[in-house]
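Worksheet for the structure shown next.
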Amino acid sequence: MLPLLQQHMGITHANSITTEPSPSPRPPLLRLLPQPRRRRHAHAKHIALSTNCKCASAASASASVEEDDVAGGLGYRHPPKQIQEILDVPPNPSYLISPRRDRIMFLQRTAMPPLSELTKPEIVLSGIRIDPGSNNMRSRMSFYTGIIVHDLMDSGTLGPAKEVHGYADGAKINFVTWSPDGQHMAFTVRYEDKVDNSVNLSLWVANAESGEARPLCISEDIRLNAIFELFVWVNDSTVLVCTIPSSRGCPPKKPLVPFGPRIRSNEHKNVVQMRATKEMLKDLHEEELFDYYATSQLILLSLDGTVKPIAPPAIYTALDPSPDEKYLMLTSVHRPYSSTVSYKRFPKKVELWTVDGTFIREVCDLPLAEDIPITSGSVRKGKRLISWRPDMPSTLYWVEAQDGGDANVEVSPRDIALVYEHWYRTRRTRTWVISPDCKDVSPRVLFERSSEDAYSNPGSPMMCRTPAGTFVIAKIKTNYEGTYILLKGKGATPKGSIPFLDLLNINTGVKERIWESSKEKYYESVLALMSYNPKCEIQLNHLKLLVSKESRMEPTQYYIKAWPDKTQVQITNYSHPYPQLALLQKEVIRYQRVDGVKLTATLYLPPGYDPSKDEPLPCLIWSYPGEFKSREAAGQVRRSPNKFARIRSNFPLLWLARGFAILADPTIPIIGERDQEANDRYIEQLVASAEAAVNEIVRRGVAHPDKIAVGGHSYGAFMTANLLAHAPHLFCCGIARSGAYNRTLTPFGFQKEVRTLWEATDTYIKMSPFMSANKIKKPILLIHGEDDSKVTTAMQSSQFYDALKGNGVPCRLVILPFERHHYVARESVMHVIWETDRWLEMYCVSNSRNIQVMESTVDTTWSPAREALALYFTKIYSLSKLVHLAFAQIFHQEVKK
Numbered sequence: 011m012l013p014l015l016q017q018h019m020g021i022t023h024a025n026s027i028t029t030e031p032s033p034s035p036r037p038p039l040l041r042l043l044p045q046p047r048r049r050r051h052a053h054a055k056h057i058a059l060s061t062n063c064k065c066a067s068a069a070s071a072s073a074s075v076e077e078d079d080v081a082g083g084l085g086y087r088h089p090p091k092q093i094q095e096i097l098d099v100p101p102n103p104s105y106l107i108s109p110r111r112d113r114i115m116f117l118q119r120t121a122m123p124p125l126s127e128l129t130k131p132e133i134v135l136s137g138i139r140i141d142p143g144s145n146n147m148r149s150r151m152s153f154y155t156g157i158i159v160h161d162l163m164d165s166g167t168l169g170p171a172k173e174v175h176g177y178a179d180g181a182k183i184n185f186v187t188w189s190p191d192g193q194h195m196a197f198t199v200r201y202e203d204k205v206d207n208s209v210n211l212s213l214w215v216a217n218a219e220s221g222e223a224r225p226l227c228i229s230e231d232i233r234l235n236a237i238f239e240l241f242v243w244v245n246d247s248t249v250l251v252c253t254i255p256s257s258r259g260c261p262p263k264k265p266l267v268p269f270g271p272r273i274r275s276n277e278h279k280n281v282v283q284m285r286a287t288k289e290m291l292k293d294l295h296e297e298e299l300f301d302y303y304a305t306s307q308l309i310l311l312s313l314d315g316t317v318k319p320i321a322p323p324a325i326y327t328a329l330d331p332s333p334d335e336k337y338l339m340l341t342s343v344h345r346p347y348s349s350t351v352s353y354k355r356f357p358k359k360v361e362l363w364t365v366d367g368t369f370i371r372e373v374c375d376l377p378l379a380e381d382i383p384i385t386s387g388s389v390r391k392g393k394r395l396i397s398w399r400p401d402m403p404s405t406l407y408w409v410e411a412q413d414g415g416d417a418n419v420e421v422s423p424r425d426i427a428l429v430y431e432h433w434y435r436t437r438r439t440r441t442w443v444i445s446p447d448c449k450d451v452s453p454r455v456l457f458e459r460s461s462e463d464a465y466s467n468p469g470s471p472m473m474c475r476t477p478a479g480t481f482v483i484a485k486i487k488t489n490y491e492g493t494y495i496l497l498k499g500k501g502a503t504p505k506g507s508i509p510f511l512d513l514l515n516i517n518t519g520v521k522e523r524i525w526e527s528s529k530e531k532y533y534e535s536v537l538a539l540m541s542y543n544p545k546c547e548i549q550l551n552h553l554k555l556l557v558s559k560e561s562r563m564e565p566t567q568y569y570i571k572a573w574p575d576k577t578q579v580q581i582t583n584y585s586h587p588y589p590q591l592a593l594l595q596k597e598v599i600r601y602q603r604v605d606g607v608k609l610t611a612t613l614y615l616p617p618g619y620d621p622s623k624d625e626p627l628p629c630l631i632w633s634y635p636g637e638f639k640s641r642e643a644a645g646q647v648r649r650s651p652n653k654f655a656r657i658r659s660n661f662p663l664l665w666l667a668r669g670f671a672i673l674a675d676p677t678i679p680i681i682g683e684r685d686q687e688a689n690d691r692y693i694e695q696l697v698a699s700a701e702a703a704v705n706e707i708v709r710r711g712v713a714h715p716d717k718i719a720v721g722g723h724s725y726g727a728f729m730t731a732n733l734l735a736h737a738p739h740l741f742c743c744g745i746a747r748s749g750a751y752n753r754t755l756t757p758f759g760f761q762k763e764v765r766t767l768w769e770a771t772d773t774y775i776k777m778s779p780f781m782s783a784n785k786i787k788k789p790i791l792l793i794h795g796e797d798d799s800k801v802t803t804a805m806q807s808s809q810f811y812d813a814l815k816g817n818g819v820p821c822r823l824v825i826l827p828f829e830r831h832h833y834v835a836r837e838s839v840m841h842v843i844w845e846t847d848r849w850l851e852m853y854c855v856s857n858s859r860n861i862q863v864m865e866s867t868v869d870t871t872w873s874p875a876r877e878a879l880a881l882y883f884t885k886i887y888s889l890s891k892l893v894h895l896a897f898a899q900i901f902h903q904e905v906k907k
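Reading the sequence shown from the start, the letters are residues 11 to 907 in the numbering used here.
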């Protein structure tokens with residue numbers, strides 16, 4: 011079929027091209043804003059014309075037609091086959107281990123949903139998105155497609171696979187959980203109501219031994235409500251479920267005549283600072299809708315089908331049974347609501363009930379919390395983090411801020427801490443050892459360190475699941491005196507991450523390393539404790555762990571590792587997801603920027619590439635800046651050269667299949683030592699880090715100095731725009747996805763910036779690439795999801811595009827219908843990759859491609875000596891470019907002085 015184009019006000023709408031015989035319903039429109047016309051460079055065309063005029067003319071005409079089509083937009087496109095094959099690789103299953111560690115469940119899933127899943131109507135209320143067609147669940151819920159259960163044998167091997175069955179083919183499965191005793195699994199299945207064609211959830215239960223599944227409740231009068239927490243196991247045979255109240259009728263309709271004007275008042279001079287308010291409740295009608303969709307009636311539902319209502323209808327956001335299965339802690343929100351903050355800050359009530367339905371007491375009823383300061387570390391006033399003590403039958407604990415919730419207030423102690431204490435401003439963190447049941451034993455500090463110091467991170471304790479379903483720190487029994495626990499950590503070192511497992515004596519603080527990952531070839535990591543003991547007391551000689559193992563060329567596999575011999579049994583055998591890139595080259599490289607800060611990046615090269623023999627490659631740099639308080643912490647290595655290269659749809663490794671060199675995640679530290687604010691020197695440090703990265707890959711001879719592109723997502727897109735504005739000598743083009751480019755539109759802070767626009771006006775303006783749009787000369791591709799609800803709204807990209815176009819910058823804006831901050835629909839992802847590939851081909855590879863065309867038309871019989879001479883001159887040119895970059899950097903520093 012022919013594409014239908016509708017042009018209006020410089021915006022082109024185009025329907026997607028399809029091979030289906032009858033496209034119904036009509037696909038959504040993709041909005042593409044073309045880059046300003048650029049004059050073609052004619053010298054390469056003239057060289058081609060000198061030998062083959064007709065072919066060159068035809069090619070020129072074809073290219074002109076294609077450029078016109080691309081500029082206007084012809085709907086959704088697909089990337090080249092080499093990339094599409096990688097994108098379509100199905101993901102590996104997720105896993106869930108049974109409470110007693112005797113079974114493991116694998117959950118099968120799909121890669122990318124179709125765009126039709128995103129086009130369904132949705133209602134946005136107080137920070138949550140609801141599918142009105144379902145009446146009872148959030149929109150765009152991902153799902154599993156199947157469940158496979160294996161017994162875990164004493165030898166560490168897996169028993170025969172048992173597929174959970176009983177539901178219809180093509181079912182969409184959600185909310186999968188084990189029962190406390192591990193004998194059953196509960197989950198939901200989506201189904202279409204035969205009466206009103208709406209989509210609803212049905213609660214199912216499956217026998218773990220046989221895999222046979224059945225609906226837990228077949229009454230049509232009971233419908234689930236999954237807006238907040240849907241259900242929780244109370245004991246081995248009963249679940250507490252949120253359902254739609256039987257008295258609920260039709261959704262409230264918006265009145266034709268408004269209730270009145272929308273009024274927002276601050277006559278009491280309250281200080282209320284929020285970074286984003288786009289999705290908050292706007293009027294009385296939306297408040298009614300929130301009540302309608304979010305209100306639940308709780309019921310106790312037994313495996314034998316017995317139903318018992320409990321507690322009055324309310325907007326329940328959390329359901330927590332006590333470890334002894336006798337009490338329920340119910341958390342709900344209530345009016346008055348707010349048009350400024352989300353439901354998480356609405357008035358919150360916490361109540362205690364018995365499982366028989368008797369009200370016991372109110373734990374707290376917190377007021378509306380609109381006034382939490384934006385300073386990192388600020389929290390809500392009053393009781394928070396209320397939880398059951400996992401090691402006691404029915405004892406509650408909570409945390410209360412001693413500073414009124416304002417992190418700007420200096421007090422000691424800040425919180426009634428149980429284990430961890432953290433102060434963001436200084437990055438100091440402490441780990442305390444306390445004895446909750448011994449009032450005469452004073453808390454003592456076990457570890458004290460900088461939270462930024464990855465090298466000194468002691469790791470986190472291994473947890474053990476109790477018969478009540480709670481998690482406590484596992485106690486390790488040894489032949490030594492004292493109380494021992496296990497600490498697992500990532501093991502950051504100057505040579506790369508080496509995960510470890512330590513045996514810690516809580517009494518003395520002495521640690522013994524009982525296991526660590528291989529250092530040479532493999533990257534291994536401890537995932538979970540597989541030993542089971544009802545008292546959570548594990549004999550060291552009977553220790554059993556679930557570990558993962560991978561290498562640069564081998565995908566992640568799971569193993570059971572058992573003590574005392576540390577033997578391991580492989581339980582999965584996943585094949586290489588993209589064998590065409592099995593021989594890709596990966597190296598963690600170290601270099602430093604001009605001020606001496608050490609930097610790290612991961613360099614990927616295509617299979618078979620040899621920098622000593624082959625020409626420098628076009629290169630894509632993809633990164634995301636980070637903030638630090640010290641130069642030492644910024645220079646630490648937090649990655650491993652032995653990890654498998656997982657290629658995701660939003661990751662630049664896809665272009666290895668197109669012959670690019672990839673510099674992934676080069677560290678871009680923005681450092682503010684002592685009382686300095688990091689962002690006051692953001693541009694200077696950003697450019698210095700980028701220069702160091704470019705100099706290093708050019709020095710190595712792997713990247714052509716004129717063919718280096720830069721890109722990033724979100725704050726990485728913000729980085730990309732700033733680099734094109736302030737370091738135009740480094741990059742040939744940029745790709746910026748879902749960025750915010752005008753910081754005056756985020757006046758109450760962004761990322762880790764806690765000062766407001768009025769407190770740091772110069773910094774906000776200098777950091778905003780929108781304000782430097784006139785300085786950008788290199789081509790930039792902007793991509794944004796139309797429904798992005800974060801501070802990075804699509805308006806940011808639209809306004810930035812207008813500013814760039816107004817200054818004659820070569821640019822292109824792609825707005826993806828129905829997409830949010832991250833892109834999920836297959837059509838959208840494929841098109842984003844196509845757009846990126848096209849941009850890189852045009853503005854990063856085009857010069858070399860023109861040279862190849864010229865060479866093929868003039869002489870196709872080069873001798874080896876001539877090829878070596880060409881490679882020699884190419885490397886000489888790269889060296890001269892590196893010298894030029896060095897002199898430009900020196901000149902830049904002198905100008906600063």
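Note that the Cβ used here is the ideal one computed from N, Cα and C, for glycine as well.
Note that the structure is a prediction, hence the values are computed from the model and not measured.
Next item on the list: Please work out which residues of its chain come closer than 7 Å, Cβ to Cβ, to G192, disregarding the five sequence neighbours upstream and downstream, and give them in chain order.
Entry: S108, P109, R110, D112, R113, A218
Margin query: For the stretch 515-524 against the stretch 656-671, do three or more pairs of beta-carbon atoms, one drawn from each stretch, fall closer than 8 Å, so that the two count as touching?
Written below: no
Item checked: N- and C-terminal bounds of the alpha helix (DSSP H) containing G816 -> 804-816
Note to self: DSSP three-state label for F197, please.
What the structure shows: strand
Check: Counting along the chain, where does the alpha helix (DSSP H) carrying T771 start and finish?
Finding: 771-777
Notebook entry, point to check: When the distance is taken between beta carbons, is F728 closer than 7 Å to G749?
Noted result: yes
Next item on the list: Could you tell me which of R523, S558, D401 sits nearest to V536, measuring between CA atoms?
Entry: S558
Checklist line | For K172 and C546, the rounded distance between their alpha carbons | finding: 29 Å
Check: How long is the line joining the alpha carbons of W844 and L666, rounded to whole angstroms?
Finding: 15 Å
Check: First and last residue of the alpha helix (DSSP H) that includes T86?
Finding: Thr is not the amino acid found at residue 86; the sequence shown has Tyr there. Where Y86 is concerned, there is no enclosing alpha helix (DSSP H), given that its DSSP letter is neither H nor E.
Next item on the list: Taking A328 as part of the beta strand (DSSP E), name the residues at either end of that continuous run.
Entry: 317-331
Margin query: Please report the straight-line C-alpha distance between L733 and L135, rounded to a whole angstrom.
Written below: 37 Å
Item checked: Within the stretch 238-275, ranges of the beta strand (DSSP E) (whole runs, at least 3 residues) -> 241-245, 248-253
Next item on the list: Assuming Y926 contacts M777 (C-beta within less than 8 Å), just tell me the rounded distance between them.
Entry: Residue 926 lies beyond the range of the chain shown here (11 to 907); nothing can be said about it.
Note to self: DSSP three-state label for W398, please.
What the structure shows: strand
Check: Quick one, are the C-beta atoms of V215 and A196 less than 7 Å apart?
Finding: yes
Margin query: Am I right that I133 and P142 are in contact with their C-beta atoms under 8 Å? What's the rounded C-beta distance?
Written below: 5 Å
Next item on the list: Put E865 into one of helix, strand or coil per three-state DSSP.
Entry: Reliability fails at E865, whose pLDDT of 31 lies under 50, so the model's placement of it is uncertain and no value is given.
Next item on the list: Reducing DSSP to helix, strand and coil, say where Y303 ends up.
Entry: helix
Notebook entry, point to check: Run through DSSP, which three-state label would I140 get?
Noted result: strand
Notebook entry, point to check: Are the Cβ atoms of V443 and A411 separated by less than 7 Å?
Noted result: no
Notebook entry, point to check: Can you name the start and end residues of the alpha helix (DSSP H) that G726 belongs to?
Noted result: 725-736
Notebook entry, point to check: Using the C-alpha atoms, what's the distance from Y353 back to P131?
Noted result: 21 Å
Note to self: I'd like to know if the stretch 261-276 and the stretch 326-340 are in contact, where contact means that at least 3 CB-CB pairs between them fall below 8 Å.
What the structure shows: no
Item checked: Local conformation of D690 per DSSP, three classes -> helix
Check: What is the rounded straight-line gap between the Cα of T253 and the Cα of I140?
Finding: 16 Å
Notebook entry, point to check: Considering only residues of the stretch 501-535, which uninterrupted beta strand (DSSP E) runs meet the minimum length of 3 residues and lie entirely inside it, listed in chain order?
Noted result: 510-515, 521-526
Next item on the list: Report yes if the CB atom of L556 is closer than 7 Å to the CB atom of W573, and no otherwise.
Entry: no
Check: Beta-carbon separation of Q549 and K485 under 7 Å?
Finding: no
Check: In the DSSP assignment, what are the bridge partners of A223?
Finding: A216
Item checked: Cα-Cα separation between L294 and H831, rounded to whole angstroms -> 28 Å
Notebook entry, point to check: If you draw a straight line from the alpha carbon of Q695 to that of I681, how long is it in whole angstroms?
Noted result: 8 Å
Next item on the list: Below 7 Å CB to CB, which residues in the same chain sit around L767 once its five sequence neighbours on both sides are set aside?
Entry: T754, P757, Y774
Check: How many angstroms separate the CA atom of S212 from the CA atom of G367?
Finding: 24 Å
Notebook entry, point to check: With which residues is M147 paired in a DSSP beta bridge?
Noted result: A236
Check: Residues in its own chain within less than 6 Å of H51 by CB, not counting five upstream and five downstream?
Finding: Confidence is the limiting factor: at H51 the pLDDT is only 37, short of 50, which leaves the residue's position unreliable, though a coordinate-based value still follows. Taken in chain order, the list of residues that qualify is empty.
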